[in-house]
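Q: Encoded as structure tokens, here's the structure I'll be asking about.
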Amino acid sequence: MSLCEGTTHEILCVPIYAVFIRNKVNTHSSLETGAALSPREISTLKCYFSSSPERPELFTPLHFIPSRVLLAHHHHLIFIMSLEEKFNEAAENVKKLKTQPNDEELKELYGLYKQVTVGDINTERPGMLDFKGKAKWDAWNSRKGMTKEAAMEAYVAKADQLIATYGLHLA
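Residue numbers (our numbering): 76 to 246.
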């Protein structure tokens, strides 16, 4: 498996046979082994390709495959995921952590999430007795001036770290 980083897209090349083997054994094995294919991507592959890994010529025609899944040669699949797609997937995945992150980790995620979705802080700091509100405001304010793209990259990196630490509930 190889991973190529671009400025706006992540390109993942996965041998087709490995995808089918993993798919037949366990749809969640890609996450358990640290591979970059999510269960949703494996599920997507089921829909677009033949069930016979021995017959790669039976693949669905390219024009029926979603734009983020492309064929390269006939031995690899290429997944192209934009930074925004990676951010959205990370935001969904942090909701599925086996253990809730500690307060510092939650504040970091919150500040980054608000910087991505709203931009620079646009509210007054909460009152003296609103401890939770002040903590959230401070976390968001600490990201002031950060670009949306930088905040997305930081959020995805933090989410990946938390997933590695706490694991995901796979349903």
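Quick reminder that beta carbons are idealized off the backbone N, C-alpha and C, glycines included.
Predicted model, so just to flag it, every value in this text is computed and none were measured.
Rounding to the nearest angstrom, what Cα-Cα distance links residue 228 and residue 205 in this structure?
A: Rounded to whole angstroms, residue 228 to residue 205 spans 30 Å at the Cα level.
Q: So, helix, strand or coil for residue 184, using DSSP?
A: Helix, per DSSP.
Q: Got a sec? Which residues, its chain only, sit under 6 Å from residue 215 by beta carbon, not counting five neighbours each side?
A: For residue 215, where only same-chain residues beyond five positions count, the Cβ hits under 6 Å are 186, 189 and 196.
Q: Return yes when the Cβ of residue 243 is within less than 8 Å of the Cβ of residue 176, no when it is not.
A: No. Outside cutoff.
Q: What are the residues that DSSP puts in a beta bridge with residue 172?
A: Residue 172 is bridged to 243.
Q: In three-state terms, what does DSSP make of residue 193?
A: Coil.
Q: Use the C-beta contact count for residue 200: other C-beta atoms within 10 angstroms, 16 or more gives buried, fewer gives exposed.
A: Classification for residue 200: exposed.
Q: Hey, would you say residue 218 sits closer than 8 Å to residue 226, going by beta carbons?
A: Taking 8 Å as the Cβ cut-off, residue 218 and residue 226 qualify as a contacting pair.
Q: Which word fits residue 184, buried or exposed, when buried means at least 16 other C-beta atoms lie within 10 angstroms of its C-beta?
A: So residue 184 ends up on the buried side.
Q: Output yes or no for whether 8 Å exceeds the beta carbon distance between residue 239 and residue 165.
A: Cβ atoms of residue 239 and residue 165: not closer than 8 Å.
Q: Decide if residue 193 is buried, meaning its Cβ has at least 16 other Cβ atoms within 10 Å, or exposed.
A: Burial call: exposed.
Q: Nearest-angstrom Cα distance between residue 221 and residue 212?
A: Between residue 221 and residue 212, the C-alpha separation is close to 15 Å.
Q: If you compare alpha carbons, which of 170, 231, 207 and 230 is closest to residue 178?
A: When each option's Cα is compared against that of residue 178, the closest is 207.
Q: With distances taken between CB atoms, is the gap from residue 172 to residue 241 smaller than 8 Å?
A: For residue 172 and residue 241, yes; Cβs fall inside 8 Å.
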